[in-house]
Amino acid sequence: MPRFILCAVALQVRADLPSYSDMMDSRPDSRVLPSSRHPTAPAPGTRRGELADSVLEELWFGDEDPERPRYEASRSLAAAVARIEGLRPFPMAAQKLLTLLSDPGYRMSEVRAVMESDPALAARTLNVANSPLFRGLSPCRSIDQAIVRLGARNVRDLAVGIAAMSMFASADAASKRLRDHCVGVAAIARIVADTAMRREASSLFLSGLMHDAGKLLLLQTGEMTYGAEVDDDAAHEETSLIERARLGYDHAVLGAHVMKLWRIPDPTAMLVAWHHQPARALAMGGDTALMVALLRAADHIEHRLALDGDLDAETCRRLGEDAAWTYADLGQGDLRELWPQMKEARREMLAALGG
Ligand SMILES: [Fe+2]
Ligand SMILES: [Fe+2]
């Protein structure tokens, strides 16, 4: 059995759980978890009830009691999303850009007007568009140029990710380290996507930026504190299990639902939801499984780069044999070749977006 599968099963999915496809097959409408069957579910017609009804099973994880996840989902996750919705409305300029740039017939004058309404967002977007990770042969001097050079989707995903990260500006050390980790994963994921897929680099950059947004939200609401596990790869994986035991959901599922609420386009929410549920992604197969694997590989690599940045023989063996890395048909040679590029891209992206 490929190591990716073994790791996924060992880390995330208990053997007694129904498979994702079993759950999909056994439910008449498997996309939405109905909250109204449980006696203490949020009342229908209330905002909390609406949110509970919108909890998506495809982003959730299973349980041996088929009623329990519905109850947990409607109770704990909807409550958290409702708190965050009240606490953190998504920036208006980013919302407008999402709508405008998702339409192939967008008008440049409208995009320009939105960017001018939020000069900080425009400046940061241009700054990143001009970083070596994105830039072509000559620099972009305006958002118009950036859209022409990078494409509307790249600029949309950049602006949305930058706007989302700006919501987590905070002086505390754990938040700062987590934000930097997300920025680093975004840069690494973009390089890995360029190598392994030659497309979807935009989606993986945005997913990297957002992948641990759920942790930043849990820090802000005071529901979790994070210590050494922010820097430790193995502890980072265990953290999602601790969150599930304590809260009934983990940061990945929470972040994905908040992204749905903010209308951040697919496949970001699904990649974020599944970055600690690789077995789900594997069951889906295709680009989704590959993108989740690449996101996980970037996550693991960033933890190493944040520690000292060197690729010694033992690190090369460990990361080169990482199930997420090998799933993308990459080996230790690819890791050695890409390491300086990933290290530099992470450093540059931290200079542009970190802190
Ligand atoms: Fe995570
Ligand atoms: Fe992470």
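Be aware that the sequence shown starts at 142, since it is given in our numbering, and climbs by one per residue.
Where a beta carbon is used, it is the ideal one built from N, C-alpha and C, also for glycine.
Query: C-alpha distance - Arg477 paired with Asp449, whole-angstrom precision; Result: 16 angstroms
Query: Rounded distance between the beta-carbons of Leu395 and Gly363, thought under 8 angstroms; Result: At roughly 14 angstroms, the Cβ-Cβ gap does not stay under 8 angstroms, so Gly363 and Leu395 are not in contact.
Query: Proximal residues to Ser343 (C-beta, below 7 angstroms), its chain only, five neighbours per side dropped; Result: Arg294, Asn295, Asp298
Query: Stretch pair the region 325-337 + the region 473-487: three plus CB contacts closer than 8 angstroms; Result: yes
Query: Pairwise C-alpha distance: Ala270 and Arg487; Result: 15 angstroms
Query: N- and C-terminal bounds of the alpha helix (DSSP H) containing Gln418; Result: First-last for Gln418: undefined, no H or E at that position.
Query: Extent of the continuous alpha helix (DSSP H) run through Glu478; Result: 473-494
Query: Spatial neighbours of Ser217 in its chain, beta-carbon cut-off 8 angstroms, leaving aside the 5 residues before and after; Result: Leu388, Gly389, Tyr390
Query: Beta carbon nearer than 5 angstroms to a non-hydrogen atom of ligand 2; Result: Asp353, Asp440
Query: Integer Cβ distance of Ala304 from Ala234, believed to fall under 8 angstroms; Result: 7 angstroms
Query: The region 447-462 / the region 417-432 touching (three or more Cβ pairs under 8 angstroms); Result: no
Query: Limits of the unbroken alpha helix (DSSP H) element including Arg445; Result: 427-448
Query: Coarse secondary structure for Asn271, derived from DSSP in three states; Result: coil
Query: At least 3 beta-carbon pairs within less than 8 angstroms: the region 273-293 vs the region 311-323; Result: no
Query: First and last residue of the uninterrupted alpha helix (DSSP H) at Ser217; Result: Here Ser217 belongs to no alpha helix (DSSP H), and DSSP marks it neither H nor E.
Query: Pair within 8 angstroms by beta-carbon distance, Ser243 and Pro406; Result: yes
Query: Own chain partners of Met256 with C-beta closer than 6 angstroms, once the 5 adjacent residues on each side are dropped; Result: Ala263, Ile284
Query: Inside the region 368-406 only - alpha helix (DSSP H) runs reaching at least 4 residues; Result: 374-388, 392-402
Query: 6 angstroms CB neighbourhood of Phe231 in its chain, flanking five on each side removed; Result: Trp403
Query: Nearest neighbour of Ala259, chosen from Leu274, Gln236, Arg248 [CA to CA]; Result: The identity of residue 259 in the sequence shown is Asp, whereas the question assumes Ala. Comparing Cα positions, the closest option is Gln236.
Query: For Thr238, the first and last residue of its enclosing alpha helix (DSSP H); Result: Per the sequence shown, the amino acid found at residue 238 is Leu instead of Thr. Residues 233-242.
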